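Top to bottom, those sequences are chains D and W.
Everything in the first sequence is counted per the working numbering, starting at 1 for the first residue and increasing by one.
Everything in the second sequence is counted per the working numbering, starting at 1001 for the first residue and increasing by one.
Glycine included, C-beta positions come from ideal geometry on N, C-alpha and C.
Bear in mind that the values here come from a model prediction, so they are computed numbers and not experimental data.
Below: one structure, written as C-alpha cells.
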Amino acid sequence: GQNIDQPTEMTATEGAIVQINCTYQTSGFNGLFWYQQHAGEAPTFLSYNVLDGLEEKGRFSSFLSRSKGYSYLLLKELQMKDSASYLCAVRADSNYQLIWGAGTKLIIKP
Amino acid sequence: DAGITQSPRHKVTETGTPVTLRCHQTENHRYMYWYRQDPGHGLRLIHYSYGVKDTDKGEVSDGYSVSRSKTEDFLLTLESATSSQTSVYFCAISESTLRTPQETQYFGPGTRLLVL
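Written out as C-alpha cells, the structure is:
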C-alpha cells in the first residue's frame, strides 16, 4: 500500500531550528511537496523536491533522499507565526494525484 | 495567490438532506480536486476532475458525486448527508505552467460542514 509517516506533534523554541521528518512508502515517486497549514485555514505550498538534495527558500529548507524514502523540512530562526501544521505529500506516479501524510503540528514556545 | 473561492464557507444541515458545495476558480486551471480533512487523517481525495465533464473517483468517494460543466466551477454533492460526512472540505486546483511545472496544488479557503 501507499503510506506516509510524520510525527504527530513537535515543540520548539522561538529563535531555534527544527527539523520535521517525513518517510514514505509508495508504489512510485514523482515528487514530494511540503505545505503549511495554520489552524482553521487552507494548506499553503512551501516547497517541492523531485531530485535528491536540499532546496533552500529563505528560513525554510527541504531535503529529499529517494533511496531512503525520506524527506525533511528544516525551519530556521523560528518565529511564533511558524506555529502551524506541516503536511508532507507525495506524487506516487505520473498522474496529478497526491498521497498525504496526516501532518505534524508544530508548537513554538517563547 | 490562486483565485479560488468556496461556498458556502460554513453549513449546518440535517441527516438525510442533500448538500451541494461549490468551488470556483479564476485561474483557468485544468485540474480540480475535492478533499476532506478530519483530525488524525491526512487530506483524503473525494473526487477530482481533469477537464470539463471529465471526473473520476478518489479514495473516499462513497456518498459523494461531482459535476464540472464549466472550467471554473466544480460542484460537490452529498446525496443524503450523514453524520460521518461532518468535516472540513477543501477544493484545490493545479496546472502545469511555466511557474509551476510540477503542477502544485493550490487550495481554496475550505467549507466547514456539520451534519446533525
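Bridge partners of Lys105/D according to DSSP: Glu9/D and Ser85/D. Non-local beta-carbon contacts of Asp52/D in its own chain, meaning distances under 7 Å to residues more than five positions away in sequence, involve Leu64, Ser65 and Arg66 in chain order. Burial check for Ser1094/W: the Cβ neighbour count within 10 Å reaches 16 or more, so the residue is buried. With a beta-carbon spacing of about 5 Å, Ser62/D and Leu73/D fall inside the 8 Å limit used to define contacts. The Cβ-Cβ distance between Arg1030/W and Arg1036/W does not fall below 8 Å. The C-alpha of Arg1068/W is placed about 10 Å away from the C-alpha of Tyr1050/W. Beyond the five residues adjoining it in sequence on each side, Met1032/W comes within less than 6 Å, by CB distance, of Ser1049, Phe1074 and Ile1093 in the same chain, given in chain order.
DSSP places Ser1080/W in the coil class of the three-state scheme, outside both helix and strand. Unbroken beta strand (DSSP E) runs of no fewer than 3 residues, entirely contained in the segment 1–63 of chain D, are found at 3–5, 9–13, 18–25, 32–37, 44–49 and 53–57, following chain order. For Val90/D, the closest Cβ of chain W is not nearer than 8 Å. Counting C-beta pairs with one atom in each stretch, the segment 1050–1064 of chain W and the segment 1001–1021 of chain W have fewer than three that are closer than 8 Å, which means they do not touch. The residue among Val90/D, Gly69/D, Asn30/D and Phe60/D with its C-alpha nearest the C-alpha of Asp82/D is Phe60/D.
The closest CA to that of Thr26/D, considering only Lys105/D, Arg91/D, Gly103/D and Leu106/D, is found on Arg91/D. In the DSSP assignment, His1024/W falls within the beta strand (DSSP E) that extends over Val1019 to Gln1025. Contact residues of the segment 1041–1052 of chain W toward chain D are His1041, Gly1042, Leu1043, Arg1044, Leu1045, Tyr1048 and Tyr1050 (C-beta to C-beta distance below 8 Å).
Contact annotation: in the segment 1077–1108 of chain W, residues whose CB is within less than 8 Å of a CB in chain D are Phe1090, Ser1094, Gln1102, Glu1103, Thr1104, Gln1105, Tyr1106, Phe1107 and Gly1108. At a C-beta separation below 7 Å, Gly1/D has no neighbours in chain W, since its nearest C-beta there lies roughly 11 Å away.
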